[in-house]
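K.L.:
Would you mind keeping the following structure in view while I ask a few things?
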Amino acid sequence: YDAIIVRSATKVTAEVINAGKNLKVIGRAGVGLDNVDRKAAEARGIKVVNTPEATSISVAELALGLMFACARSIPQATASLRSGKWEKKAFKGIELFGKTLGIIGSGRIGTELAKRALALGMKVLVNDLPGIQPQYGEPCSLDQLLAKSDFISLHIPKTPETYHLLNKEAFAKMKKGVIIINCARGGVIDEAALFEAIQSGQVAAAALDVFEEEPLKDFRLFSLPQVIGTPHIGAQTKEGQRRAGIQIAEKVRDALKGAI
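Each residue of the sequence shown is one higher than the one before, counting from 1 in UniProt numbering.
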């Protein structure tokens, strides 16, 4: 084959790449490229293309939905009703209005989330690599963001530099009662440190769509009632999947034609 298109589950390893004698293009229908050995592809002169813009709105909307779910204990209140209870006074939440949202990573998804948070009357702080100016929100250092944010949402790739970015030391710098949202990549949060931070009350709640190991095998975090999660569904909308499919087909076509 001249091209291969994959989603997130398929690993395009050096072995796979070297077996493709005619391979010219690798297409990843989605954002992250951590399942593609880009060094092996580059060594063979194989182009790697993805669709970072296709599901930005889908993921940003999930992050926002998880913020609401944590702020109002929606999954816990639903579970209470399912068990036959009426615990109205047990679920006193907080408003998003007037709160500070810290966004780590001001790419397409972080930008879409910032736009929506500002529309809700939130203050938005943004941390990114030096020299990157966010379109929305106030740029700040990571330490400033950790100290001032009521909600922290991660929108960064998993790299050696971002691995366990939120660790024991980072949680200690946060405002007590912070709510953590991760729709980025598993591994950017130290899950053991998050467990301890929730147990101690430093972190009030966490909503996770991604995990260090997927499919998830260690469900220890979910023994904590303050944790809610989804099985990496950030991009799983009809609209997002349609855009991703169309865009990756177009990019692979253009790469084969030498247009990109």
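A virtual CB, placed ideally from N, CA and C, is assigned to each residue, including glycine.
Let's test the definition: count the other Cβ atoms within 10 Å of the Cβ of residue 81 and tell me whether it reaches 16, buried, or not, exposed.
P.N.:
As a working mapping, residue 81 is identified with position 81 in the sequence shown. Exposed, by the Cβ-count rule.
K.L.:
Are there three or more Cβ pairs, one per stretch, closer than 8 Å when the segment 47–62 is compared with the segment 78–93?
P.N.:
In short, these stretches do not touch, since the Cβ pair count stays below three.
K.L.:
In the segment 119–159, which residue ranges form an unbroken beta strand (DSSP E) of at least 3 residues, counting only runs that do not cross its ends?
P.N.:
Listed in chain order, the complete beta strand (DSSP E) runs (minimum 3 residues) inside the segment 119–159 are 123–127 and 151–154.
K.L.:
Can you tell me which of the three DSSP states residue 184 falls into?
P.N.:
Locating residue 184 in the sequence shown gives position 184, where the first residue counts as 1. Residue 184: coil per DSSP, three-state reduction.
K.L.:
Under 8 Å: do the segment 28–48 and the segment 217–231 share three or more Cβ pairs, one atom per stretch?
P.N.:
Because the criterion of three Cβ pairs below 8 Å is not met, the segment 28–48 and the segment 217–231 do not touch.
K.L.:
Less than 7 Å between the C-beta atoms of residue 150 and residue 99, yes or no?
P.N.:
Here residue 150 corresponds to residue number 150 of the sequence shown, with the count starting at 1. Here residue 99 corresponds to residue number 99 of the sequence shown, with the count starting at 1. Yes, Cβ-Cβ distance for residue 150 and residue 99 is below 7 Å.
K.L.:
On the premise that residue 91 lies in contact with residue 69, defined as a C-beta separation below 8 Å, what is that separation, rounded to the nearest angstrom?
P.N.:
Mapped onto the sequence shown, residue 69 falls at position 69. Mapped onto the sequence shown, residue 91 falls at position 91. Between residue 91 and residue 69 the Cβ distance is about 12 Å, and since that is not below 8 Å, they are no contact.
K.L.:
When the Cα of residue 252 is compared with those of 23, 185 and 191, which residue comes out closest?
P.N.:
As a working note, residue 252 is residue 252 in the sequence shown. Selected option, being the one with the closest Cα: 23.
K.L.:
Counting C-beta neighbours from all protein chains within 10 Å, is the total for residue 191 16 or more, i.e. buried, or is it exposed?
P.N.:
Against the sequence shown, residue 191 aligns to sequence position 191. Residue 191 is buried by the Cβ-count criterion.
K.L.:
What do you get for residue 18, buried or exposed, if any count of 16 or more other CB atoms within 10 angstroms of its CB means buried?
P.N.:
Here residue 18 corresponds to residue number 18 of the sequence shown, with the count starting at 1. Under this definition residue 18 is an exposed residue.
K.L.:
The beta strand (DSSP E) with residue 25 in it runs from where to where?
P.N.:
Here residue 25 refers to the residue found at position 25 of the sequence shown. Where residue 25 is concerned, the enclosing beta strand (DSSP E) stretches over 25–28.
K.L.:
Report, in whole angstroms, the separation of the C-beta atoms of residue 181 and residue 153, which I expect to be a contact under 8 Å.
P.N.:
Translated into positions along the sequence shown, residue 181 becomes position 181. Translated into positions along the sequence shown, residue 153 becomes position 153. That belief holds up - the Cβ atoms of residue 181 and residue 153 are roughly 4 Å apart, short of 8 Å.
K.L.:
Let me confirm a value: residue 159 is counted as buried when at least 16 other C-beta atoms fall within 10 Å, else exposed. Which label applies?
P.N.:
Looking up residue 159 in the sequence shown gives position 159. Exposed, since its Cβ has fewer than 16 Cβ neighbours within 10 Å.
K.L.:
Buried or exposed for residue 133, please, with buried defined as at least 16 other CB atoms from any protein chain shown within 10 angstroms of its CB.
P.N.:
Numbered from 1 along the sequence shown, position 133 holds the residue referred to as residue 133. Per the 10 Å Cβ criterion, exposed.
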